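What follows is a set of notes on a single structure, which appears directly below.
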Amino acid sequence: MASFLRLISLLCLPILFAVSVIGSVSEGAEEDFSEDLLLKPLPDRKVLAHFHFQSTAPSSRSNSYGRHHHLFPKAISQLVHKYRIKEMELSFTQGRWRYDRWGGFDSISSSNAKPSGVELWAVFDVPPNEVDATWKNLTHSLSGLFCASINFLESSTSYSAPKWSFHPASENMRYGTLPREAVCTENLTPWLKLLPCRDKSGLSVLMDRPSIYKGYYHSQRLHLLSSEFDSDGVDSAIVLDQTLTVVLQPHSHRGTLGYSSATQLQPSWSLSSIFGRRVIGKCSLARSSNVYIQLDRGLMAELQGILGEQEKFAIARASSEGSISNPAFELSANPDRVHMEMSNGYDKHISVLYMFMVAAKYDDSEPLDLRFTWKIPIAWSIPQAPLYVTRFLLGSGNERGVIALQLKSTKPRDQLMPDTVFADSCSLLVRVFQVVPWYIKVYYHTLQVFIDDQRHIITNVVEKMQVSPSKDKVSPGVMEMLLKFPCGLKSAALTIEFDKGFLHIDEYPPDANQGLDIPSAVISFPDFFTSTQFVEKNSSKSPILLKWQGKNPILSYTEVLLVPFTTPDFSMPYNVITITCTVLALYFGSLLNVLRRRVGEEERFMKSKATRKLRVSHLVSKLLAKLRGRQWEPSESQSHSSVSNSKSKLLFKVILVAGLAAAWQYYFG
Amino acid sequence: MKKKKGNFWIWMMLSVIFRLLMIYFPNLNLSSRPEVATPLTSIHRLAEGYWLKQSSMSPYTGSMYHGSPLLLSLLGPLTVKRIKGQPDHLLCSFAFVVADVLSALLIRGIGQNLQRAYYQSLKLLKVKLSKNSEIFPAGDIASLVYVWNPFTIVACVGLSTSPIENLAIVLTLYGASKGQVPLAAFGFVMATHLSLYPVILIIPVVLLLGNGLDAPPRKFFFERTRSRVVERPSNDSCSQQEEVINQPEVPNGFSLRPVMYFLLWVSLFSAYLLLLCGVSLKQFGGLWEMFRSTYGFILTVQDLSPNIGVLWYLFAEVFEFFRDFYLIVFHINILFMILPLSIRLCHRPLFLAFVLLSISAMLKSYPSVGDSALYLSFMGLFIDELVDLEFSFFLFCGYIGISLLSPVMHNLWIWRGTGNANFYFANAMAYACFQIVLVVESVSTMLNHDRKLRKLSAMKLSR
Numbered sequence: 001m002a003s004f005l006r007l008i009s010l011l012c013l014p015i016l017f018a019v020s021v022i023g024s025v026s027e028g029a030e031e032d033f034s035e036d037l038l039l040k041p042l043p044d045r046k047v048l049a050h051f052h053f054q055s056t057a058p059s060s061r062s063n064s065y066g067r068h069h070h071l072f073p074k075a076i077s078q079l080v081h082k083y084r085i086k087e088m089e090l091s092f093t094q095g096r097w098r099y100d101r102w103g104g105f106d107s108i109s110s111s112n113a114k115p116s117g118v119e120l121w122a123v124f125d126v127p128p129n130e131v132d133a134t135w136k137n138l139t140h141s142l143s144g145l146f147c148a149s150i151n152f153l154e155s156s157t158s159y160s161a162p163k164w165s166f167h168p169a170s171e172n173m174r175y176g177t178l179p180r181e182a183v184c185t186e187n188l189t190p191w192l193k194l195l196p197c198r199d200k201s202g203l204s205v206l207m208d209r210p211s212i213y214k215g216y217y218h219s220q221r222l223h224l225l226s227s228e229f230d231s232d233g234v235d236s237a238i239v240l241d242q243t244l245t246v247v248l249q250p251h252s253h254r255g256t257l258g259y260s261s262a263t264q265l266q267p268s269w270s271l272s273s274i275f276g277r278r279v280i281g282k283c284s285l286a287r288s289s290n291v292y293i294q295l296d297r298g299l300m301a302e303l304q305g306i307l308g309e310q311e312k313f314a315i316a317r318a319s320s321e322g323s324i325s326n327p328a329f330e331l332s333a334n335p336d337r338v339h340m341e342m343s344n345g346y347d348k349h350i351s352v353l354y355m356f357m358v359a360a361k362y363d364d365s366e367p368l369d370l371r372f373t374w375k376i377p378i379a380w381s382i383p384q385a386p387l388y389v390t391r392f393l394l395g396s397g398n399e400r401g402v403i404a405l406q407l408k409s410t411k412p413r414d415q416l417m418p419d420t421v422f423a424d425s426c427s428l429l430v431r432v433f434q435v436v437p438w439y440i441k442v443y444y445h446t447l448q449v450f451i452d453d454q455r456h457i458i459t460n461v462v463e464k465m466q467v468s469p470s471k472d473k474v475s476p477g478v479m480e481m482l483l484k485f486p487c488g489l490k491s492a493a494l495t496i497e498f499d500k501g502f503l504h505i506d507e508y509p510p511d512a513n514q515g516l517d518i519p520s521a522v523i524s525f526p527d528f529f530t531s532t533q534f535v536e537k538n539s540s541k542s543p544i545l546l547k548w549q550g551k552n553p554i555l556s557y558t559e560v561l562l563v564p565f566t567t568p569d570f571s572m573p574y575n576v577i578t579i580t581c582t583v584l585a586l587y588f589g590s591l592l593n594v595l596r597r598r599v600g601e602e603e604r605f606m607k608s609k610a611t612r613k614l615r616v617s618h619l620v621s622k623l624l625a626k627l628r629g630r631q632w633e634p635s636e637s638q639s640h641s642s643v644s645n646s647k648s649k650l651l652f653k654v655i656l657v658a659g660l661a662a663a664w665q666y667y668f669g
Numbered sequence: 001m002k003k004k005k006g007n008f009w010i011w012m013m014l015s016v017i018f019r020l021l022m023i024y025f026p027n028l029n030l031s032s033r034p035e036v037a038t039p040l041t042s043i044h045r046l047a048e049g050y051w052l053k054q055s056s057m058s059p060y061t062g063s064m065y066h067g068s069p070l071l072l073s074l075l076g077p078l079t080v081k082r083i084k085g086q087p088d089h090l091l092c093s094f095a096f097v098v099a100d101v102l103s104a105l106l107i108r109g110i111g112q113n114l115q116r117a118y119y120q121s122l123k124l125l126k127v128k129l130s131k132n133s134e135i136f137p138a139g140d141i142a143s144l145v146y147v148w149n150p151f152t153i154v155a156c157v158g159l160s161t162s163p164i165e166n167l168a169i170v171l172t173l174y175g176a177s178k179g180q181v182p183l184a185a186f187g188f189v190m191a192t193h194l195s196l197y198p199v200i201l202i203i204p205v206v207l208l209l210g211n212g213l214d215a216p217p218r219k220f221f222f223e224r225t226r227s228r229v230v231e232r233p234s235n236d237s238c239s240q241q242e243e244v245i246n247q248p249e250v251p252n253g254f255s256l257r258p259v260m261y262f263l264l265w266v267s268l269f270s271a272y273l274l275l276l277c278g279v280s281l282k283q284f285g286g287l288w289e290m291f292r293s294t295y296g297f298i299l300t301v302q303d304l305s306p307n308i309g310v311l312w313y314l315f316a317e318v319f320e321f322f323r324d325f326y327l328i329v330f331h332i333n334i335l336f337m338i339l340p341l342s343i344r345l346c347h348r349p350l351f352l353a354f355v356l357l358s359i360s361a362m363l364k365s366y367p368s369v370g371d372s373a374l375y376l377s378f379m380g381l382f383i384d385e386l387v388d389l390e391f392s393f394f395l396f397c398g399y400i401g402i403s404l405l406s407p408v409m410h411n412l413w414i415w416r417g418t419g420n421a422n423f424y425f426a427n428a429m430a431y432a433c434f435q436i437v438l439v440v441e442s443v444s445t446m447l448n449h450d451r452k453l454r455k456l457s458a459m460k461l462s463r
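Residue numbers (the working numbering), protein chains in the order written: chain W, 1 to 669; chain H, 1 to 463.
If you want it as structure tokens, here you go:
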């Protein structure tokens with residue numbers, strides 16, 4: 001027995017040795033997975049929950065497992081390699097992000113507020129002439145991977161190539177949206193499959209389907225960044241970010257009748273009350289697993305006002321009972337770390353982030369169930385993007401209309417300044433990216449700009465404009481604009497006229513009377529970035545904090561517009577064809593009849609002329625006689641040509657019938 | 001007669017004033033009516049094309065503009081120039097008013113020529129038709145019909161480019177009837193360039209140049225001469241070179257010289273036109289792009305927005321599989337009638353032109369009221385011949401009924417949503433039927449008129 005064991009260990013030795021060698025080689029490039037959950041109270045009595053899962057894979061060149069992975073989803077790495085994707089983002093969204101209530105000036109809103117339906121963009125590392133083909137293949141693959149009709153983005157009428165107005169400007173970029181795609185659990189399940197623990201353990205346990213889909217907003221996103229094909233493959237890797245952002249309404253248990261609506265107590269919530277589940281432990285494959293609770297700048301400013309200067313730091317201080325408690329709110333657990341935002345120059349208020357590590361101390365008997373309890377009613381406003389954007393339709397009827405884009409300033413005048421600004425040339429740059437489907441025929445020359453209800457000359461406001469008009473049934477219209485507004489702007493509006501196209505009956509979507517959609521416009525502010533630096537320079541860099549520290553551009557999406565369309569009668573094709581053809585036949589027949597009609601003397605004239613034509617009939621009867629193999633009697637036909645004609649006809653008929661009868665007899669008799 | 005002449009100019013002036021008044025009504029919004037502005041003639045699309053060109057893009061990028069690049073450089077600047085305090089597109093409207101007036105004057109010229117020729121031939125046949133000696137000035141009537149036709153006014157005030165297309169067509173026929181070959185060739189090339197369909201006018205123009213103006217069939221004259229010259233075989237076809245008849249008053253046979261000149265001028269002008277278009281579209285894809293998005297757009301009926309024709313609904317409903325078949329059928333239908341018509345009406349080239357114009361106005365892919373206005377005014381030229389037109393009151397009422405009902409149905413369908421596309425299509429169908437009846441009846445009346453002339457001249461002979 002002992003010798004057998006020795007033998008086995010001897011046999012295994014080279015393998016173990018080889019494994020350890022390879023392990024030491026790929027020391028710095030391990031596959032990695034980490035999970036985060038951010039919770040944030042929102043001013044309108046709701047709670048934002050933002051799950052962030054990050055998987056990274058080293059590049060295939062330094063990968064120790066060849067084409068295999070142990071954490072990173074293989075489907076995604078195959079996708080990246082097959083289509084040579086540099087960067088890709090796919091989002092499924094239901095509901096609309098309320099920029100005025102849920103914020104527009106933080107990294108969550110700029111990267112996780114998405115237009116409803118499906119949005120997909122990708123940058124490829126292929127020659128420009130192959131981009132379209134690669135995009136089409138990618139849409140089909142993704143459609144299979146996520147059980148969604150992303151393959152509709154294959155048609156050239158539904159995707160576009162933004163030149164410079166959309167975030168990562170690249171020639172090889174394609175962008176497409178499906179505004180009417182319904183998002184449900186069938187899309188979430190394949191998305192969860194990409195996680196190493198699925199929803200069996202770790203933070204994703206919280207994703208109880210009924211409570212997620214009950215929310216006001218729900219966006220599931222997949223972002224892929226690959227530096228696989230860069231020439232300098234130093235830290236080349238694939239980074240896959242999967243985020244799920246939901247806005248939920250916590251049940252308020254406590255009676256709030258004593259307060260008026262303005263000073264109502266915000267509802268208290270806990271993980272179990274909003275999700276119906278609790279965190280039992282971390283996903284054992286994850287490097288880190290953290291839960292954060294964020295109090296944004298607006299809330300902190302309000303809290304400081306209420307609590308007073310002396311209790312300013314009570315917010316961040318843990319009490320003795322293992323919980324945070326101050327006059328305003330109470331947190332049931334003691335945070336492992338409290339991140340204070342580094343205060344920057346122009347905003348004296350800072351946000352606070354409580355971090356809870358999901359460690360081994362939580363298990364079935366003692367799960368992590370964070371409870372956030374408000375003690376006093378509080379109302380605050382959340383940081384906003386410089387301009388609040390809405391888009392709507394003007395006009396009535398189904399023939400034409402006007403798209404209007406309204407931008408309203410969210411801040412008082414003195415705050416509306418970008419980071420780098422000179423007093424004399426204060427201006428606010430706004431980028432607009434708008435895709436319009438081909439059946440909305442936009443008249444780009446009718447673009448009008450109104451600033452504070454005053455019409456302005458376009459060239460004064462539009463710094464740069466690039467238009468590629470829509471081609472019927474081929475490509476959508478794309479409008480990219482860089483607008484330059486004065487700083488003291490209160491509101492601005494852009495209007496542009498369009499005609500509604502008329503489609504072939506096969507091109508109308510099902511339920512055509514509902515109308516067709518214009519995808520969201522993307523508004524971005526090139527001078528503004530969100531970047532949240534935290535005071536503590538600590539070692540545990542969780543992906544969510546790293547993401548926040550980077551410069552994130554401020555984006556906002558407008559509403560999807562529903563344009564009512566008139567329809568032809570779908571049940572009528574046969575009627576239309578037959579009626580039209582009847583009228584055409586009427587025209588043709590009656591006109592030809594008029595042209596060939598001869599009356600009275602003309603007929604007599606024709607008769608006298610007909611004697612000449614006899615020669616032709618002669619020939620015919622001669623030929624017939626030849627065919628019949630009989631001698632032709634010219635005298636008879638000469639005198640009674642008409643008689644002989646009818647006779648020969650009769651004879652021919654008789655022969656034909658007889659022949660047919662004989663054939664019938666022969667074959668079927 | 002003098003008084004009549006004065007009246008003509010007064011009415012002409014009044015029509016111009018009326019147009020200017022209409023232009024100053026701001027809220028008519030005629031330029032977006034489907035009856036007035038088709039994808040080919042809409043001023044909005046022209047303005048869009050001009051804007052695209054100004055922003056250094058091809059005017060044919062996108063599917064907005066489908067007209068000529070020359071029209072763009074001609075009318076484009078007028079669409080952007082605004083005079084303070086005046087309605088938009090005022091200058092454009094002026095251009096269209098001028099085009100209308102010019103067309104009317106040319107039609108008057110054609111009419112005067114035509115009537116002179118008609119009475120001359122009557123004199124030759126020694127036939128006296130009308131019991132009362134009153135002669136209608138056909139030219140004045142036709143031009144006033146053109147100027148005062150509500151269709152023309154609407155097309156002019158609605159800023160569709162059809163007045164300019166009509167002007168080119170009228171110019172062709174005027175040049176041909178006057179025997180001014182270069183003018184005819186210029187008009188022909190322009191008209192074909194602007195809207196393709198006038199290409200079928202080459203047959204009436206060639207006949208006009210070869211045979212001269214409308215006259216009763218030549219065999220009538222031969223029959224008259226037969227009493228003196230024995231054994232004259234009368235010939236049905238008159239496009240052949242006839243044997244010489246030593247009768248000074250009998251119209252000459254087909255003369256090839258002006259026709260050859262015409263073809264020469266046409267090739268010259270089209271080469272020049274293509275050169276101009278090529279220069280103006282040099283950096284935007286060249287001539288091929290132009291042909292694809294003008295003639296290609298006309299022939300393939302890509303735009304399915306409703307108009308007064310019948311094709312839009314058919315092609316919106318027809319199964320994709322049969323689309324090509326129906327495209328061929330509809331275009332062949334225009335071409336198919338050309339041969340029988342030109343055989344039967346070769347002695348009356350202007351009337352043939354009228355018939356062809358009305359057929360193409362009926363069957364073209366994007367018809368508008370501007371096309372109808374042209375052929376209706378041409379009908380006025382044949383006031384003497386078409387006196388016995390049947391159903392004229394019925395047709396008149398039909399046209400009025402359709403032009404009143406069509407906007408109502410459009411409103412019900414598009415704006416109120418209470419109607420249905422079928423209502424509007426039924427209207428278009430009825431309109432097509434009325435046009436068919438008009439064409440058929442006028443052809444029939446003209447042939448009957450020839451028969452009557454023949455009978456009268458034969459009676460004169462036998463007497």
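Think of the CB as a built atom: it goes at the ideal place given N, C-alpha and C, for glycine as much as any other residue.
These numbers come from a predicted model, not from an experiment.
Item: Which listed residue (W:97, W:127, W:207, W:32) has its alpha carbon closest to that of residue 51 of chain W; Value: W:207
Item: Residue 68 of chain W, buried or exposed, once every other Cβ within 10 Å from all chains shown has been counted against 16; Value: exposed
Item: Cβ of residue 25 of chain W within 7 angstroms of any chain H Cβ; Value: With a pLDDT of only 39 at residue 25 of chain W, under the threshold of 50, the placement of this residue in the model should not be trusted; the figure read from the coordinates follows. No, its Cβ sits nowhere closer than 7 angstroms to a Cβ of chain H.
Item: CB contact check: residue 511 of chain W to chain H, cutoff 7 angstroms; Value: no
Item: Distance CB(residue 153 of chain W)-CB(residue 279 of chain W) smaller than 7 angstroms; Value: no
Item: Which residues DSSP lists as bridging residue 113 of chain W, in chain order; Value: Answer by DSSP bridge pairing: none, since residue 113 of chain W is not bridged.
Item: Helix, strand or coil at residue 302 of chain H [DSSP, three-state]; Value: coil
Item: Terminal residues of the beta strand (DSSP E) in which residue 264 of chain W lies; Value: Per DSSP, residue 264 of chain W belongs to no beta strand (DSSP E) and is neither H nor E.
Item: contact_flag[the region 341 to 361 of chain H, the region 396 to 414 of chain H] where n(CB pairs < 8 angstroms) is 3 or more; Value: no
Item: C-beta neighbour in chain H for residue 522 of chain W, strict 7 angstroms; Value: no
Item: Among H:330, H:259, H:87, H:194, the one whose alpha carbon lies nearest that of residue 211 of chain H; Value: H:259
Item: With 16 other Cβ atoms within 10 Å as the buried cut-off, status of residue 364 of chain H; Value: buried
Item: Residues of its chain near residue 136 of chain H, where Cβ-Cβ distance is below 8 angstroms and the 5 sequence neighbours each way are ignored; Value: 383, 384
Item: For residue 50 of chain W, the residue or residues it bridges with in DSSP; Value: W:38, W:245
Item: Close beta carbons around residue 196 of chain W, own chain, < 6 angstroms, minus the five adjacent residues each side; Value: 33, 71, 285
Item: Inter-residue spacing [alpha-carbon to alpha-carbon] between residue 425 of chain H and residue 432 of chain H; Value: 10 angstroms
Item: Nearest-angstrom Cα separation, counted from residue 442 of chain W out to residue 428 of chain W; Value: 26 angstroms
Item: Buried versus exposed call for residue 414 of chain H [16 or more other C-beta atoms within 10 Å across all chains shown]; Value: buried
Item: Under 8 angstroms from the C-beta of residue 148 of chain H: neighbouring residues of chain W; Value: Correct list: empty, because the minimum Cβ distance to chain W is about 28 angstroms.
Item: Cβ of residue 366 of chain H within 7 angstroms of any chain W Cβ; Value: no
Item: Option in H:392, H:151, H:170, H:155 with minimal Cα separation from residue 102 of chain H; Value: H:170
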